[in-house]
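The structure appears right after this line, and notes come after that.
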Ligand SMILES: [Zn+2]
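Numbering (my numbering), first residue to last: 2 to 315.
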């Protein structure tokens, strides 16, 4: 029960406090994947902590594997057996119920959202491949549609597809290459799946800041991340021209519905080459940032329970 209460507290800390430090990570001099990975790993850690609550109440790791200080476990056990704190069983049952209900709700809502996204993406991509033209030189998965002006976007799913509107297809070759590099970065990074996950989590728990604000951040960060890849392969100039061409039409040239082309260009101007050694640390740093609050909260709760128990035991 001690670990379960610690996990419940960690869920609260991640869900409601984590956005306070996660939204400070995005900066022009830092690779956007650091911030993106930190938001996503915090969300995964949040869901995993909820899933672990009923699991630890069943497995009782504190009793079995001596993960907790022996004095704390012995103290709680003696309180329970002596009936000193009659509401221990009620707390245990309520914690178990909260964990099961929350995790069941998340699994149902998030998996439903992801399946819907997959089905809609496949239908939309196959329809556009039917009505659009595939032009030699653009690549096998690129279709040009009539109309759509400077619209350019990609669709994940079974057959990843990039769609170019008539205006985007007619851009100068180096600018069009930047548009395509941006969209290919979305497909390679499975950004559509990441956005669908974040949207589904927000739909499941709209009142939780980690889910609500995370969905907005993931949408922005996948754009910045794809911009970074496109700028690295085609140059900042070509990508800026692509973004300007799109914004001039009121639509994002490099994404379906951007309204922040100027911000992205300003962001590109602050871009610095990532040091080779620093790039290796991006994902471990993001993981530590999501795992640390869980371990810190667990430690605080175990210490508090040990202190409380010692006080009751006299
Ligand atoms: Zn994009």
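Think of the CB as a built atom: it goes at the ideal place given N, C-alpha and C, for glycine as much as any other residue.
Closest by C-alpha distance to residue i, when choosing among the options
{"i": "residue 129", "options": "117, 166, 103", "result": "166"}
{"i": "residue 52", "options": "265, 9, 236, 239", "result": "9"}
{"i": "residue 265", "options": "108, 113, 240", "result": "240"}
{"i": "residue 44", "options": "135, 205, 301", "result": "205"}
{"i": "residue 173", "options": "26, 238, 282, 24", "result": "238"}
{"i": "residue 217", "options": "150, 168, 196, 169", "result": "196"}
{"i": "residue 31", "options": "46, 245, 282, 120", "result": "282"}
{"i": "residue 54", "options": "105, 171, 26", "result": "105"}
{"i": "residue 118", "options": "215, 75, 192, 133", "result": "192"}
{"i": "residue 100", "options": "268, 76, 178, 2", "result": "2"}
{"i": "residue 48", "options": "92, 75, 102, 58", "result": "102"}
{"i": "residue 20", "options": "211, 56, 268, 287", "result": "211"}
{"i": "residue 171", "options": "185, 150, 189", "result": "150"}
Supposed contact pair residue j and residue i - C-beta distance, whole angstroms, cut 8 Å
{"i": "residue 243", "j": "residue 187", "result": "Actually they are not in contact, since the Cβ atoms of residue 243 and residue 187 sit about 14 Å apart, beyond 8 Å."}
{"i": "residue 96", "j": "residue 307", "result": "With a Cβ gap of about 18 Å, residue 96 and residue 307 do not count as contacting."}
{"i": "residue 146", "j": "residue 246", "result": "17 Å between Cβ atoms; not a contact."}
{"i": "residue 50", "j": "residue 11", "result": "5 Å"}
Pairwise C-alpha distance: residue j and residue i
{"i": "residue 162", "j": "residue 181", "result": "11 Å"}
{"i": "residue 82", "j": "residue 299", "result": "24 Å"}
{"i": "residue 303", "j": "residue 22", "result": "24 Å"}
{"i": "residue 1", "j": "residue 236", "result": "For the chain, the structure presents residues 2 to 315; residue 1 sits outside this window and is missing."}
{"i": "residue 262", "j": "residue 248", "result": "6 Å"}
{"i": "residue 154", "j": "residue 164", "result": "5 Å"}
{"i": "residue 127", "j": "residue 157", "result": "11 Å"}
{"i": "residue 79", "j": "residue 94", "result": "19 Å"}
{"i": "residue 34", "j": "residue 24", "result": "13 Å"}
{"i": "residue 135", "j": "residue 142", "result": "8 Å"}
{"i": "residue 36", "j": "residue 116", "result": "26 Å"}
{"i": "residue 254", "j": "residue 39", "result": "Low confidence applies here, because residue 254 scores a pLDDT of 42, under 50, leaving its location unreliable; read the following figure in that light. Their backbone Cα atoms lie some 28 Å apart in a straight line."}
{"i": "residue 293", "j": "residue 280", "result": "21 Å"}
{"i": "residue 61", "j": "residue 291", "result": "24 Å"}
{"i": "residue 18", "j": "residue 198", "result": "20 Å"}
{"i": "residue 29", "j": "residue 14", "result": "27 Å"}
{"i": "residue 144", "j": "residue 133", "result": "5 Å"}
{"i": "residue 305", "j": "residue 296", "result": "14 Å"}
Residue i in three-state terms, based on DSSP
{"i": "residue 125", "result": "helix"}
{"i": "residue 19", "result": "helix"}
{"i": "residue 173", "result": "coil"}
{"i": "residue 119", "result": "helix"}
{"i": "residue 143", "result": "strand"}
{"i": "residue 200", "result": "helix"}
{"i": "residue 75", "result": "helix"}
{"i": "residue 160", "result": "coil"}
{"i": "residue 252", "result": "Summary for residue 252: the model assigns pLDDT 45, below 50, so the residue's position carries little reliability; its value from the coordinates is reported in the next sentence. In this structure, residue 252 counts as coil in the three-state DSSP scheme."}
{"i": "residue 228", "result": "helix"}
{"i": "residue 264", "result": "helix"}
{"i": "residue 165", "result": "strand"}
{"i": "residue 216", "result": "helix"}
{"i": "residue 307", "result": "helix"}
*Does the segment 197-213 come within contact of the segment 99-114, defined as at least 3 CB pairs closer than 8 Å?*
Output reads yes: the segment 99-114 touches the segment 197-213.
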